[in-house]
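Student:
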Amino acid sequence: MSCGKHHGRHDENCVCDAVDKILAEQEAVEDKCPTSCYSNLLSPTVSGKDTIPFLLFDKKGGLFSTFGNIGGFVDDCQCFESIFFRVEKLHDCCATLSVLRPVDVHGHTLSVCHPCDPDFFGLEKTDFCIEVDLNCFCAIQCLNPELVDRVMPSKDKKHHHHG
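Under numbering that gives the first Met the number 0, the first residue of the sequence shown carries the number 0, and numbering increases by one thereafter.
Here's what the structure looks like:
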C-alpha cells in the first residue's frame, strides 16, 4: 500500500487532515475562541502560544527541510536550514508553511537537520514561507508548542534531580 493513494473516498490524506486540525487549533487561539470543538494542544492556559510546530516526512521516511533567510537579509543575517514548520494557510491539500528558525540556548540561529541535534534548544517564528503539496508527505509529527519562544530555565534548577 503506497502513501497518498486514494482509498475509497477520494482526496483522503492523513497529513492534510492533521495540518487542517493544527490550523484550526492555532486559529482558535488566535481568535481567542473559548469554545473549540477540538481537544487543543494549545489550551488557553498556555498563554501566548499560537504555534504547533511540526516535522514532515517524505515517502521514504526522510525529514523534509528547507531554508530561511537566504541571502541574509533579515535579523542576524544568517541563512539557516530548518526541519520545523508552522502552518499559515491551507487550501485543499496545498499549504503555506512558515519556516521556524532553530536557535541554541543563547538565541543564536542554528541550521538543524535532525530534531535531536544537541545544540537545538528552541524555535522562533519567521516570515519565511514555503508552499507545499501535502500529498507528497507520508507522516507528520507534532512537537511541543513550548519549543516556540522557549525560555532558558534558571541555572540552579537545571542540575537538580526530580524525585
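From the three backbone atoms N, C-alpha and C, an ideal C-beta is built for every residue, glycine too.
Is the beta carbon of K124 sitting closer than 8 Å to the one on V102?
Tutor: For K124 and V102, no; Cβs fall outside 8 Å.
Student: Buried or exposed for E130, please, with buried defined as at least 16 other CB atoms from any protein chain shown within 10 angstroms of its CB.
Tutor: Flag for E130 reads exposed.
Student: Spell out a yes or no on whether the stretch 105–112 and the stretch 20–27 are touching, meaning 3 or more CB-CB pairs, one atom from each, closer than 8 Å.
Tutor: Too few Cβ pairs lie closer than 8 Å, so no.
Student: If contacts are defined as beta-carbon pairs under 8 Å, then L89 and V14 qualify, I think. What distance do you get, rounded to the angstrom?
Tutor: That belief does not hold up - the Cβ atoms of L89 and V14 are roughly 11 Å apart, past 8 Å.
Student: From the beta carbon of M151, is the nearest beta carbon of chain B less than 8 Å away?
Tutor: Here chain B cannot be found, since the structure has a single protein chain.
Student: Measuring CA to CA, which of N12, I82, R85 and F127 is closest to D74?
Tutor: Closest by alpha carbon: F127.
Student: Near R100, what residues of its chain come up, given a Cβ to Cβ distance below 7 Å and the 5 sequence neighbours on each side ignored?
Tutor: Excluding residues within five positions, the ones whose Cβ falls inside 7 Å are G67, F79, S81, T108, L122, E123 and T125.
Student: Check the DSSP bridge columns for I69 and list the partner residues they point to.
Tutor: According to DSSP, which records beta bridges pairwise, I69 is partnered with nothing at all.
Student: Grab the span of the beta strand (DSSP E) containing C141 for me, first residue to last.
Tutor: Segment A138 to C141, the beta strand (DSSP E) holding C141.
Student: Please look up how many angstroms separate the CB atoms of C76 and D132, rounded, as I've assumed it's under 8 Å.
Tutor: Contact doesn't hold; Cβ gap of about 31 Å is too wide.
Student: If you draw a straight line from the C-alpha of D116 to the C-alpha of T95, how long is it?
Tutor: Approximately 26 Å between the Cα atoms of the pair.
Student: Grab the span of the beta strand (DSSP E) containing I129 for me, first residue to last.
Tutor: Where I129 is concerned, the enclosing beta strand (DSSP E) stretches over C128 to D132.
Student: Let me know if Y37 comes out buried or exposed under the rule of 16 or more other beta-carbons within 10 Å of its beta-carbon.
Tutor: At Y37, the pLDDT of 43 sits below 50, so the modelled position is not reliable; the number obtained from the coordinates is stated separately. Result: exposed.
Student: Mark I21 as exposed unless 16 or more other C-beta atoms lie within 10 angstroms of its C-beta, in which case mark it buried.
Tutor: By the 10 Å Cβ count, I21 comes out buried.
Student: Among E145, P144 and F136, which one has its Cα closest to the Cα of N16?
Tutor: The residue you asked about is not Asn; residue 16 is Asp in the sequence shown. The shortest C-alpha separation from D16 is found at F136.
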